Amino acid sequence: MSKPDQYNVEIPSNEVKDSNIKYFTTYTYGCQMNHHDSERLAGQLKSIGYEYTESLEDASFILINTCCVRESAEKKIYGKIGELKNLKVSNPNLIIAIAGCMAQKDKEKLFKKAPHIDLIIGTHNVHQLVEIVKEFEESKDRVLAVWDQAERLAPDVPTIRRGKISAWVPIMYGCNNFCTYCIVPYVRGRERSRPLHDIIEEIYQLGLDGFKEITLLGQNVNSYGNDTKEYGDFADLLKAVDQVETIERVRYMTSHPRDINDKVIDTILNSKKICDHFHLPVQSGSDTILKMMNRGYTTDYYRELVRKIRKAIPHASLTTDIIVGFPGETDELFQETLEFLKEIRFDASYTFLYSKRSGTPAATMADQVPLVVKKERLQKLMDVQNDISLEINQQFTDTVVTVIVEGPSQRDENRLMGRTTTNKIVLWDKQGTEEVGQLANIKITTAQTWILKGKLID
Ligand code: 5AD
Ligand code: SF4
1 MSKPDQYNVE IPSNEVKDSN IKYFTTYTYG CQMNHHDSER LAGQLKSIGY EYTESLEDAS
61 FILINTCCVR ESAEKKIYGK IGELKNLKVS NPNLIIAIAG CMAQKDKEKL FKKAPHIDLI
121 IGTHNVHQLV EIVKEFEESK DRVLAVWDQA ERLAPDVPTI RRGKISAWVP IMYGCNNFCT
181 YCIVPYVRGR ERSRPLHDII EEIYQLGLDG FKEITLLGQN VNSYGNDTKE YGDFADLLKA
241 VDQVETIERV RYMTSHPRDI NDKVIDTILN SKKICDHFHL PVQSGSDTIL KMMNRGYTTD
301 YYRELVRKIR KAIPHASLTT DIIVGFPGET DELFQETLEF LKEIRFDASY TFLYSKRSGT
361 PAATMADQVP LVVKKERLQK LMDVQNDISL EINQQFTDTV VTVIVEGPSQ RDENRLMGRT
421 TTNKIVLWDK QGTEEVGQLA NIKITTAQTW ILKGKLID
């Protein structure tokens with residue numbers, strides 16, 4: 001079963017749990033933008049007196065923030081919504097809210113599929129949660145809050161954060177790219193850039209609140225500023241963020257390979273704080289498929305981009321997303337992706353089975369690939385990538401890397417976790433001298449496919 005989101009707030013222990021207090025919990029699926037939306041939804045609930053709990057049974061408000069980028073996510077979420085039915089039977093006052101991309105896509109259809117839902121909140125309505133809850137409490141009737149279009153600038157709302165060290169800051173919303181497989185432009189609307197001074201102010205304040213690392217979020221961060229000439233472009237934004245003295249590191253997600261330019265690479269090279277990690281989703285290593293995906297670049301263009309990045313910043317890490325089984329992907333075209341992976345040698349690839357999303361152009365394309373074939377290809381791709389990731393990570397054995405101490409590892413309280421600027425996850429046995437948020441030097445002793453393990457050195 002999926003886990004509730006964790007927030008950086010005090011959780012009342014069972015003894016002090018007060019029956020007069022209303023508790024809420026949230027579950028989030030999908031990308032970091034969705035996780036950040038949950039932080040804004042949770043912050044609004046807290047502002048009207050709800051306290052956070054990890055326990056479904058104690059909650060009188062349960063929010064599921066949904067993703068619809070692949071069918072597998074939707075299935076999981078419907079399973080989760082189904083599980084809540086019994087809770088509603090035993091507690092008729094329980095409020096169940098569905099937010100996010102599935103809410104935006106399916107709207108009132110969700111009420112039909114799951115009559116125990118009370119609130120449906122679209123992606124453009126996140127900032128309205130307080131009003132929505134008020135309306136529900138007054139009318140005692142279900143509320144559907146799904147605007148078809150976003151306001152240019154949604155107002156700021158109270159936010160509670162998931163972590164203490166690393167925070168997400170949205171810089172733009174929506175996407176204009178319409179890659180033919182992707183539902184995102186339909187559920188997140190057109191590109192809207194956030195004002196530069198709002199972004200800088202939020203980051204400055206996060207630094208004062210103790211955060212060390214910021215991840216700038218957007219579906220396509222490199223288009224920052226394209227919708228208005230007021231704020232400069234993405235490179236100008238990076239330059240400004242690099243100057244914020246209260247924080248130490250800056251990451252950003254996600255870049256479109258077509259839009260990342262020399263100015264951005266140059267800015268990163270000359271910056272103090274922008275991390276030397278490039279996540280550049282290539283999606284396929286076949287020009288035929290890239291064209292059908294409407295990605296707007298060729299493999300040669302991508303090769304040249306990687307060459308430029310590696311020339312400018314040789315130690316930079318490079319990760320990617322790849323979709324296998326896009327309609328029309330033959331064995332030969334898939335082989336081109338495998339070869340491309342071997343040629344580029346990404347540090348890591350996030351690999352996905354193509355999932356048909358109704359309403360997108362690819363859903364009705366000829367030659368859909370059978371699931372068994374997609375799964376075989378995914379396995380082949382992962383085998384090749386895992387070997388490469390391990391080989392790259394092995395080069396770190398016996399070297400010393402610097403990480404920000406983020407806290408205990410998920411599996412073991414006595415092990416600490418931190419990340420390098422290149423986004424490698426590093427684990428080591430806790431020595432007791434480390435402090436969360438501080439830099440630590442770790443000598444790597446063991447390299448694995450996804451993580452590095454080592455020892456703290458003074
Ligand atoms: N099927 C499979 N993967 C998809 N992605 C987006 N849409 C789909 C889809 N229909 C992947 C892309 C994107 C990542 C976030 O999700 O690789 O980069
Ligand atoms: Fe989807 Fe393409 Fe936009 Fe990314 S750039 S969100 S894959 S349409």
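Its first residue numbered 1, the sequence shown is counted upward by one per residue in full-length UniProt numbering. Each residue gets a CB set at the ideal place from its N, CA and C atoms; glycine is no exception. Because the structure is a prediction, the values reported are computed rather than measured.
Residue i Cβ short of 7 Å to the ligand 5AD heavy atom set
{"i": "Arg357", "result": "yes"}
{"i": "Val69", "result": "yes"}
{"i": "Gln283", "result": "yes"}
{"i": "Cys182", "result": "yes"}
{"i": "Cys31", "result": "yes"}
{"i": "Tyr354", "result": "yes"}
{"i": "Ile323", "result": "yes"}
Under 8 Å between C-beta atoms of residue i and residue j
{"i": "Val264", "j": "Phe234", "result": "yes"}
{"i": "Gly100", "j": "Asp141", "result": "no"}
{"i": "Ser60", "j": "Leu94", "result": "yes"}
{"i": "Pro4", "j": "Tyr23", "result": "no"}
{"i": "Thr397", "j": "Met293", "result": "no"}
{"i": "Ile81", "j": "Tyr29", "result": "no"}
{"i": "Asn393", "j": "Leu452", "result": "yes"}
{"i": "Arg419", "j": "Ile404", "result": "yes"}
{"i": "Ile183", "j": "Arg357", "result": "yes"}
{"i": "Asn220", "j": "Cys175", "result": "yes"}
{"i": "Arg152", "j": "Arg192", "result": "yes"}
{"i": "Val146", "j": "Lys107", "result": "yes"}
{"i": "Ile160", "j": "Tyr7", "result": "yes"}
Closest residue to residue i among the options (Cα-Cα distance)
{"i": "Thr330", "options": "Pro361, Asp300, Glu376", "result": "Glu376"}
{"i": "Ile64", "options": "Ile117, Asp58, Glu51", "result": "Ile117"}
{"i": "Gln431", "options": "Phe346, Ile160, Ile457, Lys113", "result": "Ile457"}
{"i": "His197", "options": "Gly359, Val169, Trp428, Gly122", "result": "Val169"}
{"i": "Thr433", "options": "Thr446, Lys455, Thr422", "result": "Lys455"}
{"i": "Phe178", "options": "Glu10, Gly359, Thr420, Gly207", "result": "Gly359"}
{"i": "Lys424", "options": "Ser389, Gln438, Gly407", "result": "Ser389"}
{"i": "Gln438", "options": "Ile260, Phe211, Ile98, Val369", "result": "Phe211"}
{"i": "residue 512", "options": "Asp236, Gly79, Lys291", "result": "Nothing about residue 512 can be read from this structure; the chain reaches only from 1 to 458."}
{"i": "Asn386", "options": "Lys342, Val373, Thr364, Gly79", "result": "Lys342"}
{"i": "Ile309", "options": "Tyr231, Arg295, Ile260, Asp148", "result": "Ile260"}
{"i": "Gln379", "options": "Met365, Thr402, Phe334, Val400", "result": "Phe334"}
{"i": "His315", "options": "Trp450, Asp347, Val426", "result": "Asp347"}
{"i": "residue 513", "options": "Val426, Val306, Val400", "result": "What the structure shows of the chain is the stretch from 1 to 458, and residue 513 is not part of that stretch, so it cannot be assessed."}
{"i": "Ile98", "options": "Asn91, Leu318, Ile132", "result": "Ile132"}
{"i": "Gly285", "options": "Arg295, Asn34, Ile96, Lys75", "result": "Arg295"}
{"i": "Lys75", "options": "Leu280, Val436, Lys113", "result": "Lys113"}
{"i": "Arg258", "options": "Lys291, Ile268, Leu269, Tyr231", "result": "Lys291"}
{"i": "Tyr408", "options": "Trp428, Thr399, Met33, Thr402", "result": "Per the sequence shown, the amino acid found at residue 408 is Pro instead of Tyr. Ranking Trp428, Thr399, Met33, Thr402 by Cα distance to Pro408 puts Trp428 first."}
Straight-line Cα distance separating residue j from residue i
{"i": "Cys67", "j": "Leu110", "result": "14 Å"}
{"i": "Leu41", "j": "Glu336", "result": "43 Å"}
{"i": "Met1", "j": "Glu57", "result": "Confidence at Met1 is low in this model, with a pLDDT of 44, below 50, so the placement of that residue should be treated as unreliable; the coordinate-derived value is given next. Each residue's alpha carbon lies about 15 Å from the other."}
{"i": "Glu248", "j": "Met417", "result": "17 Å"}
{"i": "Ser55", "j": "Pro195", "result": "38 Å"}
{"i": "Leu238", "j": "Arg162", "result": "24 Å"}
{"i": "Leu208", "j": "Ser166", "result": "13 Å"}
{"i": "Leu217", "j": "Leu87", "result": "35 Å"}
{"i": "Asp321", "j": "Ser349", "result": "5 Å"}
{"i": "Leu371", "j": "Phe340", "result": "23 Å"}
{"i": "Gly122", "j": "Ala150", "result": "10 Å"}
{"i": "Ile120", "j": "Cys31", "result": "19 Å"}
{"i": "residue 460", "j": "Ile171", "result": "The structure shown does not extend to residue 460, since the chain is modelled only from 1 through 458, so no value can be given for it."}
{"i": "Glu201", "j": "Val373", "result": "49 Å"}
{"i": "His256", "j": "Ile21", "result": "45 Å"}
{"i": "Asp287", "j": "Thr298", "result": "6 Å"}
{"i": "Lys229", "j": "Asp148", "result": "25 Å"}
{"i": "Thr422", "j": "Pro361", "result": "36 Å"}
{"i": "Leu381", "j": "Glu332", "result": "14 Å"}
{"i": "Asp367", "j": "Leu206", "result": "49 Å"}
Proximity test, residue i beta-carbon vs the ligand SF4 heavy atom, cut-off 7 Å
{"i": "Pro185", "result": "yes"}
{"i": "Phe178", "result": "yes"}
{"i": "Asn34", "result": "no"}
{"i": "Asn86", "result": "no"}
{"i": "His124", "result": "no"}
{"i": "Gln219", "result": "yes"}
{"i": "Cys175", "result": "yes"}
Below-8 Å beta-carbon distance, residue i vs any chain C residue
{"i": "Thr267", "result": "Among the chains in the structure shown there is no chain C, since it carries only a single protein chain."}
**Report entry** Sufficient close CB pairs (3 or more, under 8 Å) joining the region 325–335 to the region 351–371
**Finding:** yes
Report task. Check whether the region 98–113 touches the region 174–190, counting contact only when three or more Cβ pairs, one atom from each stretch, lie closer than 8 Å. Result -> yes
Report task. Would you check if there are 3 or more beta carbon pairs closer than 8 Å linking the region 269–276 to the region 237–248? Result -> The region 269–276 makes contact with the region 237–248, as at least three CB pairs between them are under 8 Å.
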